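*Asks:*
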Amino acid sequence: MDPLDRANFWIQHIHKFKGAKHLQPKASRNLNLYKTNAKYRASLFREQEMDPLDRANFWIQHIHKFKGAKHLQPKAATMPLYQYFLLDV
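See the structure below:
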């Protein structure tokens, strides 16, 4: 299945070509569906509490304040490789 079809960006039409008059309604329906979903996804992307520069600044200050932010590092960062790859099981 096409990734855009899975994301509901368009409906895939696999039919034998019957002529332009049969293709036009399907094409316009796909264009409308694509436009609607593109606007929705753009609004999701734009809806952010702070802009990217402020977010980067926040995390830099946070890591500096907590001296490396060890509480945010995953446990796997300090595991021996044999445990990480489950070779000890």
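UniProt numbering numbers the first residue of the sequence shown as 1 and each following residue consecutively. Heads up, the beta-carbon is just placed ideally off N, CA and C, and yes, glycines get one too. Predicted model, so just to flag it, every value in this text is computed and none were measured.
(1) Measuring only the C-alpha atoms, how far is L87 from P74?
(2) Distance check for R41 and I63, CA to CA, integer angstroms please.
(3) If we ignore side chains and look at the alpha-carbon of each, how far apart do N57 and R46 end up?
(4) Residues in its own chain within less than 6 angstroms of Q24 by CB, not counting five upstream and five downstream?
(5) If you follow the alpha helix (DSSP H) that Q73 is part of, which residue opens it and which one closes it?
(6) For P52, which of helix, strand or coil comes out of DSSP?
(7) According to DSSP, simplified to helix, strand and coil, what is F58?
(8) In its own chain, which residues sit with a C-beta less than 7 angstroms from the C-beta of Y82, not counting the 5 before and 5 after it?
*Replies:* Answer, in terms of the structure:
(1) Here residue 87 is taken as the residue at index 87 of the sequence shown, counted from 1. Here residue 74 is taken as the residue at index 74 of the sequence shown, counted from 1. Going from the Cα of L87 to the Cα of P74 covers about 19 angstroms.
(2) Residue numbering aside, residue 63 sits at position 63 when the sequence shown is read from its first letter. Residue numbering aside, residue 41 sits at position 41 when the sequence shown is read from its first letter. Looking at the two C-alpha atoms, the distance is approximately 31 angstroms.
(3) Within the sequence shown, the letter at position 57 stands for residue 57. Within the sequence shown, the letter at position 46 stands for residue 46. Near 19 angstroms, if we compare the C-alpha coordinates of R46 and N57.
(4) As a first step, residue 24 is located in the sequence shown; it is residue number 24 there, counting from the start. Counting only Cβ-Cβ distances below 6 angstroms, and skipping sequence neighbours, we find nothing.
(5) If you number the sequence shown from 1, residue 73 lands on position 73. Q73: not part of any alpha helix (DSSP H); DSSP gives it neither H nor E.
(6) Position 52 of the sequence shown, counting from 1, holds the residue named residue 52. Three-state result, P52: helix.
(7) Taking the first residue of the sequence shown as position 1, residue 58 is located at position 58. Note: F58 maps to helix in three-state DSSP.
(8) Position 82 of the sequence shown holds residue 82. Hits under 7 angstroms: D88.
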